[in-house]
Amino acid sequence: MIDIKLIRENPEMVKENMRKKFQDHKQALVDEVLDLDVKNRQAKLNGDNLRAEKKKLSEQVGTLIRAGKKDEADKVKEEVQKINDALLENEELEKKYSDEIRERMMKIPNIIDSSVPIGKDDSENVEVQRLGDPIAPNYEIPHHADIIAKFNGLDKESAGRTSGEGFYYLVGDVARLHEAMLAYARDFMINNGFTYCIPPFMIRSNVVNGVMSFDEMEAMMYKIEGEDLYLIGTSEHSMIGKFQGQIVDEAQLPISLTSYSPCFRKEIGSHGLEERGLYRVHQFEKQEMIVLCKPEDSMDWYNKMWKLSVELFRSLNIPVRQLDCCSGDMADLKVKSCDIEAWSPRQQKYFEVCSCSTLGDAQARRLGIRYKSKDGNKFVHTLNNTVLATPRALIALLECNYNEDGSVNIPIVLRHYMGGKEKLIPVK
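Under the numbering used here, think of the first position of the sequence shown as 742, with each following residue one higher.
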């Protein structure tokens, strides 16, 4: 959510930002906010005037009573009561205008950074760089479901009976490798100075509304029936919500956290579920990184965070590339975003494994997260990035470390977590 001062002072810039995000249909919101803001400020002024008049008359009542002029005091009391009634009516009007302004402000997209490429959707994202050679071996790389089948490592049929489409059982060495990757990602982030957290896996609606847009919520979140609780789609949601309504001391910033959680997503939309494999599913596990910092430090943290993801994936022998997300591919709260994509030697193309974003003070405004400085209380900036999400990262590892004989090399950094194993050997 942007500062309403920006709409008051430069409404055309806000509308131009909407055009860059191909959201022309939202431009009327700016004019509506301006109109409601005028009415709201007038209502607040009326309220202030009424309170001042009430105070003045109340003092008169005291003076008259002390002077023994009870009849005159009663008449003034009647005027005070009329003012009280007018105040109640005015306060309802103030709340009505404030609620209507907030409702519209929540739909207005954040101002994107000037470096964001302009484009309608992810097909217009811009490749920035490649890290590691995207090589396809001279032997066939099977579909990841077939690779896992060689180790008796996947059971989607049983998961279909217990839970339905989009769920899975991982078994044996494949399940162990899955957890080894997450444990390594955890320790990698701790060794880079981040504090490890395990957050709640369910959050209330006020936190959901604070961290994401309405469209995202509807497409992603599972609601717990009969309760004000949602299953998290990423631990970023509960981690940012941790600071709701808080004033952080400036000396505490930056706050750099890394969190583990399962993630639950509806996967509604054009992408759909992958029927055969594990690329797009309802449930997965993820290590996340989250930073709260001062505004002047947010872009430095943004660059540091995506580079950490690159370093981690390269240590797993996975070539990657960095893409700058275009304006139309960014959620409304984001200022700037990039994807890290892993190389698939089977498909000979890249696929998304990480997404890094700076959201400016949008989440902090919605949730009331400030820091105390010598110049007063200011909103923090929030950033998030995927450290490692699996099974998607598992797919990349299996393909990039697959051998012609059907075995899979275990990257050196994971062997400690795999009991010293150097390879997965097929049982089929």
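C-beta: ideal position from N, C-alpha, C; glycine also.
Take Met1071 and list the residues in its own chain whose beta-carbon comes closer than 6 Å to its own, dropping the five residues that flank it on each side.
Ser1078
For Ile1081 and Ser1098, the rounded distance between their alpha carbons: 11 Å
Q. Rounded to the nearest angstrom, how far is the Cβ of Met759 from that of Lys746, given a contact under 8 Å?
A. That pair is no contact at about 18 Å.
Reduced DSSP secondary structure (H/G/I, E/B, other) of Asn787 = helix
Just list the alpha helix (DSSP H) runs in the region 966-1035, keeping only unbroken ones of 4 residues or longer that don't cross its boundaries, in chain order.
-> 976-982
When the Cα atoms are used, what is the spatial distance from Ser1011 to Ala960? Interpretation of Ser1011 is limited by its pLDDT of 47, a score under 50 that renders its predicted location unreliable; the figure taken from the coordinates is listed afterwards. If you take the alpha carbons of Ser1011 and Ala960, they lie about 11 Å apart.
**OP:** Starting from the C-beta of Met754, find all residues in its chain whose C-beta is less than 8 Å away, skip the five residues before and the five after it, and write them out in chain order.
**Re:** Leu747 and Ile852
- Looking at Cys1095 and Trp1047, is the spacing between their C-beta atoms short of 9 Å? yes
| task | Could you spell out the range, first to last residue, of the beta strand (DSSP E) harbouring Leu1113? | result | The residue you asked about is not Leu; residue 1113 is Lys in the sequence shown. Unbroken beta strand (DSSP E) run through Lys1113: Arg1111 to Ser1114.
| field | Three-state secondary structure assigned by DSSP to Cys1141 | value | helix
Assign Gly901 to one of three DSSP states: helix, strand, or coil.
helix
Check your understanding: So which of Gly951, Tyr1020 and Arg1106 has the shortest CA-CA distance to Lys897?
Key -> Tyr1020
**Asked** In angstroms, rounded to a whole number, what distance separates the CA positions of Met930 and Pro1167?
**Response** 32 Å
Compare the beta carbon distance of Leu1049 and Asn933 with 9 Å and say whether it is the shorter of the two.
yes
| message | For Met712, which residues in the same chain have their Cβ closer than 7 Å to its Cβ, ignoring the five residues on either side in sequence? | response | Residue 712 is absent from the structure shown; the chain starts at 742 and stops at 1169.
- Query: Once you ignore the five residues that flank Phe942 on each side, which residues in its own chain have a CB closer than 7 Å to its CB?
  - Reply: Leu972, Ile973, Ser1002 and Pro1003
Out of curiosity, what's the CA-to-CA distance linking Pro858 and Leu777? 33 Å
Delimiting residues of the beta strand (DSSP E) encompassing Arg871
Val867 to Leu872
In this structure, does DSSP put Met922 in helix, strand or coil?
helix
DSSP-derived helix/strand/coil call for Met754: helix
- Query: Gln1063 lies in the beta strand (DSSP E); which residues open and close that run?
  - Reply: Val1061 to Asp1065
By the DSSP assignment, the alpha helix (DSSP H) with Ala890 in it spans what residues? His885 to Ala890
Quiz item: What are the residues that DSSP puts in a beta bridge with Lys1090?
Solution: Ser1085
| said: Check this for me: beta carbons of Met953 and Leu1135, under 9 Å apart or not? | reply: no
- Message: Give me, in chain order, the residues of the same chain whose beta-carbon lies closer than 7 Å to that of Leu770; leave out the 5 immediate sequence neighbours on both sides.
- Response: Arg845, Lys848 and Ile849
Local conformation of Leu1129 per DSSP, three classes: strand
request  = Could you tell me which of Tyr1091, Ile939 and Val1051 sits nearest to Leu872, measuring between CA atoms?
outcome  = Val1051
- Query: Going by C-alpha distance, which of Asn1142, Asn781 and Ile888 is nearest Pro878?
  - Reply: Asn1142
Q.
For the pair the region 829-837 and the region 1035-1047, tell me if three or more CB-CB distances fall below 8 Å.
A. no
Would you be able to state if there are at least three C-beta pairs under 8 Å between the region 782-793 and the region 825-832?
yes
Quiz item: Is it true that the CB of Asp1065 sits closer than 9 Å to the CB of Pro995?
Solution: no
Here's the rule: buried if 16 or more other CB atoms are within 10 angstroms of the residue's CB, otherwise exposed. What is His1157?
exposed
_Between the alpha carbons of Val1032 and Glu991, how many angstroms are there, rounded?_
14 Å
Closest by CA to Ala784, which one among Glu813, Glu832 and Thr804? Glu832
Q) Out of Gln993, Val774 and Lys1164, which has the shortest C-alpha to C-alpha gap to Asn1144? A) Lys1164
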